[in-house]
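Reminder that position 200 of the sequence shown reads as 200 in this note's numbering, one-by-one numbering, no gaps. Just so you know, even glycine gets a beta-carbon here, dropped at the ideal spot from N, CA and C.
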Amino acid sequence: MTLIKTAKVALLAGSVLASMAATSAFAEAPAASDAAADSGLGDIVVTATKRETNLQETPIAMAVMTTETLKDRHVQSLYDLADGAIPSLRIATFEARQSALTVGIRGIVPLDANQPAREQGVGIYVDGVYLGRQHGLNAALFDVERVEVLKGPQGTLFGRNTEGGALSIVSKAPTGEFGGRAGGGFGNYGSYNGDIHLNLPEFAGFSIKLDGVLQHQDATTKNPLAGQTGWNYYHRKGLRAAVRWQPTSSITNDFSYDVARDANTPFYSQLLNYNPNGCVAGTQASQAACTLPGTSYTNLTGTVRSLLPGVVVNGKTRMKTADIGVPQQPSVDKSHGFTNSLKWTVSPEIELRSITAWRGVDATQWDNSGGAHRPPVVNLTASCTEAAPCAFSRYSLADLRQRQFSQELQAVGTVGKFDYVAGLFYFNEHVSDDAATPASNGVYLNAAGQPVYTILDSCTGSGGFGSDVGCRSIDRASEVWSKSYAAYGQLTFNATEQLHITVGGRYTHDEKKGVLHYSRNVNYDTNPPAASVGYSPLDATWNRFNPMATVAYDVNDDLHVYAKYATGYRAGGASSRTSNYQAFDPEDVKSYEVGLKSNFWDNRARFNLAGYIMDRKNSQVDISSIQFVGSSSFNNLVTINAPGITKIRGIEADLTLEPIDGLTLNASYAYTYTKIPPVLITATAASGGSTSVYQQFYIVFTPRNAASGSIDYALPIGTQDTKLKFHIDGNYSQATQAFDQFATKNDASLIFNGRVSLAGLDLGGQKVTIGLWGRNLFNEQYVFRRDPSNSLPGAPTSSVTTGSISNIMGDYGNFNAPRTFGLDASVEF
């Protein structure tokens, strides 16, 4: 181990301290800024049970990130949490794209929830409103009060698609008093940001709050093609207006409208190696390393061709400039939403609530991150001419339009020794999408036999098609209508001051209808496919009852233990990436958990621990392949239900210490074991026939071991509220799979972030904060997504005994973001 690696491990060990993340490692505890005023760790209020409770007394494994924590880590969007700040929470891009995120908790991580008829496994909520799609999740965060991460199935109070847990973002509400905050900053890679948050005085019972945010970063990998955008670029902006109406002391109505636009480009996809498995034509038995999982080939045919001139193979370092320039414009996510939340305290025993929301997302995808690093492989010969260049560089294009309406009614209260929550929920969603993958670049040999690169005509250059709207060969186009109805209740019997028994249940009725309008550029509406294709529109309903039970015991005021049984369910659907619109069933999970939450050392220490066993039935797993037709390629992805029980086991621990006033130490650890039973590969749209081979599948982006630690120190200066604040955090993740069907893993990671700030400066009555921040301080370089599909034989099409190696190149993947740093300042008024 090098000296720098040793130093980084020592830093993490120092900040991780002892152990490690069932709850609030990232809660303001009470952030170091308050420690000098009030010794000891402060209480943290959460709403995980639909009522305000003390986190330490709430029998749910949780992590909470406050405004101060987000600022210290320079978290501007959800993807900034991909470094592992909360070890059990895993966030990754879908493919290389920042326009849609993959979010997982406790090993429930769907690989491709990008499809309209596919659901997420972790529920994302903003101010109590469920977000139906993962598109638009990486928009700039507004004025956030806290982020609550609920771990484990939340099927009773939060409902379907919360098998792994729920991520709840809570916005700051209007105060009714004039004041606000404005800030801005700049950093490397041409980055700049600004935000303003304004509270207006209450008038006639109405309070108004306005928020505006702007975030920009230039590309971190440059595009050699003039006039085209590089990779890992973003430009985000958003506005939010909130109105609170309090006509009486018992009624509060909160209305908000938000609109956001996120323009971004994917991470650059590098060719990490060349033919790493040594594939050659011949018998399969002679080259075990060159085996595509799930197949039983006897012979391999074709030729592994040489790479195009100028193509760079680099699996060690992040490329600053792409080897070949390609057309690349930003993908754009536009989101908007209206939310109305009404609370009426009818009496001390009951509060009635109504949450009504309309939301929508429009996403346009432009992903040309692979360049010459992805098939189809060009056979550069004299047949590639200036008049007819050989095409390459798969430009992945897609459009998605989503609209949703939700209505939830709740009754929350306490009667005697009983705390209760009851509710009704309705959700209606309409989603449509289309996709195309034309080639954008060409290459030919000139008269001297030298290669010449060119850009294909954007309307007709790719086999008569192109990337322009109206010129595309449509790989797929689908439309889905979903409705969900639910009724739920939860009752807690406070048998004694120490013993609390909770039972609950939720009944859900789901309806989902979907159609394929296009597949492989065939219009199914006007030219229905042949019966042999097996196409059938989706028309399915599912009913589920999800019970839960918890026994919690307060050993004393500082020690709380609990045992919990919970269930969850994720709806089924169909894959629009298959020509037959292959359907799949729901999956269900049962969870058994025990935990403790404790305060000690005169409230200067907090230790929380949870252990769980989760059994998932009918796990939804993906078989992905690229099918080639001439210069065109199609992404074929089949989702199947793995038979048997998927085992997920884990331990999470968290330690928070305040050894002296002003110094706060946090440490978190998560151990996650996962095992999907082997699956017998039978006839599917992906295999072209039964291979009669058992295939092992994996849960993606779920490291066996993950840890995070932080150190915060606030040094008072002078006699006023001015403080010099220091923050550093370290985040470790063990290597893990990035694709369900491949054992190949991404790289382990160890990332450090830091911030130094002078807070609370009094300038003319205004409080000013100036800070210097850095992310990935040591400029760690690791591959967070490694795809081995291009280094193995192609998937079966017409034969299950002969595999082709003609499109083998090598593994390709994406490196993490480089070190970023900058200065920022804010003023409170």
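{"Asked": "Close beta carbons around N599, own chain, < 6 Å, minus the five adjacent residues each side", "Found": "D558 and R606"}
{"Asked": "Residue from V443, F545 and F338 whose Cα sits closest to the Cα of S383", "Found": "V443"}
{"Asked": "Close Cβ partners of Q98 (< 7 Å) along its chain, the five nearest in sequence each way excluded", "Found": "Y79, N138, Y234, N264 and P266"}
{"Asked": "Beta-bridge partners of D588, as assigned by DSSP", "Found": "Y569 and K617"}
{"Asked": "Proximity below 8 Å, CB of L292 to CB of P678", "Found": "no"}
{"Asked": "CA nearest to the CA of A439, picked from A63, A486, N379 and N368", "Found": "N368"}
{"Asked": "Buried/exposed call for H727, threshold 16 Cβ in 10 Å", "Found": "buried"}
{"Asked": "Bridge-paired residues (DSSP) for Y553", "Found": "L499 and V561"}
{"Asked": "Burial state of T526, where buried means 16 or more other Cβ atoms lie within 10 Å", "Found": "exposed"}
{"Asked": "8 Å Cβ cutoff met for H576 and V638", "Found": "Before going further, note that residue 576 is Ser rather than His in the sequence given. Taking 8 Å as the Cβ cut-off, S576 and V638 do not qualify as a contacting pair."}
{"Asked": "Nearest-angstrom Cα separation, counted from G595 out to A411", "Found": "28 Å"}
{"Asked": "The segment 322–333 touching the segment 371–391, judged by at least three CB pairs closer than 8 Å", "Found": "yes"}
{"Asked": "Beta-carbon spacing of S757, S733 below 8 Å", "Found": "no"}
{"Asked": "Top-ranked residue by Cα proximity to N161, from G104, D127, T298 and H216", "Found": "G104"}
{"Asked": "Check whether N636 and S619 have beta carbons under 8 Å apart", "Found": "no"}
{"Asked": "Bridge-paired residues (DSSP) for D729", "Found": "S710 and N753"}
{"Asked": "Counted within 10 angstroms of its Cβ, other Cβ atoms place S692 as buried (16 or more) or exposed", "Found": "exposed"}
{"Asked": "Straight-line Cα distance separating L724 from D654", "Found": "27 Å"}
{"Asked": "G371, DSSP secondary structure in three states", "Found": "helix"}
{"Asked": "Inside the segment 82–156 only - beta strand (DSSP E) runs reaching at least 3 residues", "Found": "89–94, 97–105, 122–126 and 144–151"}
{"Asked": "Any beta strand (DSSP E) of 3 or more consecutive residues that is wholly inside the segment 732–815", "Found": "749–763, 766–775, 783–787, 802–804 and 812–815"}
{"Asked": "Residue environment, L307, which counts as buried when at least 16 other CB atoms sit within 10 Å", "Found": "buried"}
{"Asked": "Cβ-Cβ distance between L272 and V783 below 8 Å", "Found": "yes"}
{"Asked": "Beta-carbon proximity check, C830 vs T460, cutoff 8 Å", "Found": "Given that the chain is displayed from residue 1 to residue 829, the structure contains no residue 830 and the question cannot be resolved."}
{"Asked": "Y694 classed as buried or exposed, judged by whether at least 16 other C-beta atoms fall within 10 angstroms", "Found": "exposed"}
{"Asked": "According to DSSP, residues forming a beta bridge with S432", "Found": "R401 and E479"}
{"Asked": "Boundaries of the beta strand (DSSP E) in which D333 is found, first to last residue", "Found": "S331 to S347"}
{"Asked": "Ranges of the beta strand (DSSP E) found wholly within the segment 221–294, counting only runs of at least 3", "Found": "234–248, 251–264 and 269–271"}
{"Asked": "Within 8 Å, strictly: CB atoms of G822 and G360", "Found": "no"}
{"Asked": "Host alpha helix (DSSP H) of T69 (start-end)", "Found": "T67 to D72"}
{"Asked": "Three-state secondary structure assigned by DSSP to L823", "Found": "strand"}
{"Asked": "Candidates A563, H197, F545 and S806: closest to V551 by CA position", "Found": "A563"}
{"Asked": "Buried versus exposed call for N556 [16 or more other C-beta atoms within 10 Å across all chains shown]", "Found": "exposed"}
{"Asked": "Spatial neighbours of A817 in its chain, beta-carbon cut-off 7 Å, leaving aside the 5 residues before and after", "Found": "T220, N232 and N776"}
{"Asked": "Buried versus exposed call for V906 [16 or more other C-beta atoms within 10 Å across all chains shown]", "Found": "Shown here, the chain extends from 1 to 829; a query on residue 906 therefore has no answer."}
{"Asked": "Assigned exposure category for A795 - 16 Cβ within 10 Å defines buried", "Found": "buried"}
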